[in-house]
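For the sequence shown, the residue numbers in the working numbering are 1 to 489. Backbone N, C-alpha and C fix where the C-beta goes; we use that ideal spot for every residue, glycine too. Taking it in order: structure first as structure tokens, then the write-up.
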Amino acid sequence: MEYIIGVDLGTSSAKVIAVRKDGKVMAHSQQEYPIHQPEPGHSEQDPDQILEAVKNGIRSVATIMKDPPAAVSFSTAMHSVMAMDKNGKALTPLIIWADNRSQSVADRLRSTPLATSLHQQTGTPVHAMSPLCKIIWWKEQAPEVFQSASCFIGIKEYILYHFFGRYITDHSTASATGLFNIHELSWNQASLEVAGITPGQLPEAVSSDSFIDGLSENVARDLGLSPGTRFVAGASDGCLAQLGSNALDKGHATLTIGTSGAVRMAIDRPLTDQQGRLFTYVLTPGHFVTGGAINNGGVVLQWYLEAFLQSVTEKPLQVDAGLQQALSTPAGAEGLLCLPYLHGERAPVWDGHAKGAFIGVQPQHTTWHFMRALLEGMAYGLLSITEALEETAGKVEKISVSGGFTHSPEWVQLMSDVFQRPMYLRQESDASAMGAVRLGFQALGIDTSFTAVTEKVFSPAPEYADVYKKAYAVHGKLYTALKDIFPAL
1 MEYIIGVDLG TSSAKVIAVR KDGKVMAHSQ QEYPIHQPEP GHSEQDPDQI
51 LEAVKNGIRS VATIMKDPPA AVSFSTAMHS VMAMDKNGKA LTPLIIWADN
101 RSQSVADRLR STPLATSLHQ QTGTPVHAMS PLCKIIWWKE QAPEVFQSAS
151 CFIGIKEYIL YHFFGRYITD HSTASATGLF NIHELSWNQA SLEVAGITPG
201 QLPEAVSSDS FIDGLSENVA RDLGLSPGTR FVAGASDGCL AQLGSNALDK
251 GHATLTIGTS GAVRMAIDRP LTDQQGRLFT YVLTPGHFVT GGAINNGGVV
301 LQWYLEAFLQ SVTEKPLQVD AGLQQALSTP AGAEGLLCLP YLHGERAPVW
351 DGHAKGAFIG VQPQHTTWHF MRALLEGMAY GLLSITEALE ETAGKVEKIS
401 VSGGFTHSPE WVQLMSDVFQ RPMYLRQESD ASAMGAVRLG FQALGIDTSF
451 TAVTEKVFSP APEYADVYKK AYAVHGKLYT ALKDIFPAL
């Protein structure tokens, strides 16, 4: 039986699936791990916890399947970075996308003409999320780390190093670092100069559909695989969500909400947004993905439930129950608006100083109005990215949805009502993990006959069009009105 093991290295968990060439998911495993925030603005993870989660997930799926896989293929969260010494030991924790410690570096770079050229060359807007800014922060604030670093890598590179003994990345993941030229498919000289590093301090970059050979025998035994098992380099989770959603056709956008959120669309050349609102990443040769990500997705919803609602309930409140309560309040939250920028914000404002704000509070507003306003604030942010996407890459003809939020039909319906567009939900496994699987089959040259997947269509309720149109127009003015205040808070 020909099947691929797809591994998705998410922010909060490693998801592993085994999928046959007809698209049927035969086995799956999900292993969770925490995010550590030792001080405000810092978001870190223990790379060894993630490594063990990946090993456990692969071993679990391989045990269920018994037969060996045709290959193992990876998807990974973007923008993580850690410093390694010359002996292959970690000098730092894994610094993830949500970390804002390098905001002062991003502020300084964004005030120079270099920011525009870096965005055009690398496809990544200058922001504290990027490894480029984080490495510069180490150079300036932790010189002992910077000077001792033999290599700077992300989480997938850390795992591949432990599997193969090599520092290797793929073009897609590299293109989200701010250090990689998406036109030349090589490390970007201008980025290296401002960071003060050399190409030798970064992993070898290969095409996403490349094979990596030489799996350690000890690791193979630990995983329950043969040392000869083929591994595909893989790509970033955002780009693979596009592939996994079968959304590489013109005008087909994907909308994802998990810990964070994003809207993306595939294009055939490395276009960049002239206003600097969007990213452009590599998928595979001839395929690029452009769009924008928000920092504040499900992580903000979880914060609200824990910080404001758990203390007033007799037992822990589940997310689904909270959503049902919030979404039973009137559309538009009766005039209450929210900027959900608890963790700063990426697209379209790219401002690490941004803060959360509720505007328009009145006596009739309850805890559920606040939660609904928070959900609607996320939706307005993703709608603004979609509009920027249409200005840059062309009309969005269809939107497919994926991510944890799709477990709530009411939440998907809210997105459709705010956008006043249909939302298409494919009834299948995690889109990024499925994208890794599809990439694996493509790399092997195996024709897949993924069975037609049923799509559930969420159609917009026209009676809410005016409410959301008016609220969105006001929401669009809030950031501009408050952005100069945020840094002082």
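CA-CA distance, Leu9 and Thr112?
-> 34 Å
C-beta contact flag for Gly404 and Gly258 at 8 Å | yes
Taking buried to mean at least 16 other C-beta atoms within 10 Å of its own C-beta, is Val474 buried or exposed?
-> exposed
In terms of alpha-carbon separation, which member of Leu374, Arg108 and Val145 lies closest to Ala128?
-> Arg108
Helix, strand or coil for Arg20 per DSSP?
-> strand
Rounded to whole angstroms, what's the CA-CA distance from Ala106 to Ala176? Just pull it up for me.
-> 15 Å
Can you give the Cα-Cα distance for Ala149 and Gly196, rounded to whole angstroms?
-> 12 Å
Pull up the CB-CB distance for Gly200 and Leu382, whole angstroms please, since I reckon it's below 8 Å.
-> Not quite, the Cβ-Cβ distance comes to about 39 Å (not below 8 Å), so this is no contact.
For Asn56, three-class secondary structure by DSSP = helix
Among Phe163, Cys133, Asp237 and Leu132, the one whose alpha carbon lies nearest that of Met434 | Asp237
Check the DSSP bridge columns for Lys546 and list the partner residues they point to.
-> Residue 546 falls outside the range modelled here, since the chain spans only 1 to 489, and no answer is possible.
Segment contact flag, the segment 68-86 with the segment 151-160, C-beta cutoff 8 Å, min 3 pairs = yes
Closer than 8 Å to chain C by CB, Arg230 = The structure shown contains no chain C; it is built from a single protein chain.
Secondary structure at Leu223, three-state DSSP: helix, strand or coil?
-> helix
Nearest-angstrom Cα distance between Met65 and Met26?
-> 8 Å
Contact between the segment 32-44 and the segment 457-466 (3+ Cβ pairs under 8 Å) | no
Does the separation of the CB atoms of Thr173 and Ile96 fall below 8 Å?
-> no
Rank Gly165, His353 and Thr254 by C-alpha distance to the C-alpha of Leu215 and give the top, closest one.
-> Gly165
Leaving out the 5 sequence neighbours to the left and right, which residues in its chain are closer than 6 Å to Ala431 when beta-carbon positions are compared?
-> Ala241, Gly244, Ser245 and Ser402
Under 8 Å Cβ to Cβ from Arg20, same chain only, skipping five residues before and after it: list those, please.
-> Met1, Glu2, Tyr3 and Met26
Member of His369, Ala266 and Ala471 whose CA lies at the smallest distance from the CA of Val396 | Ala266
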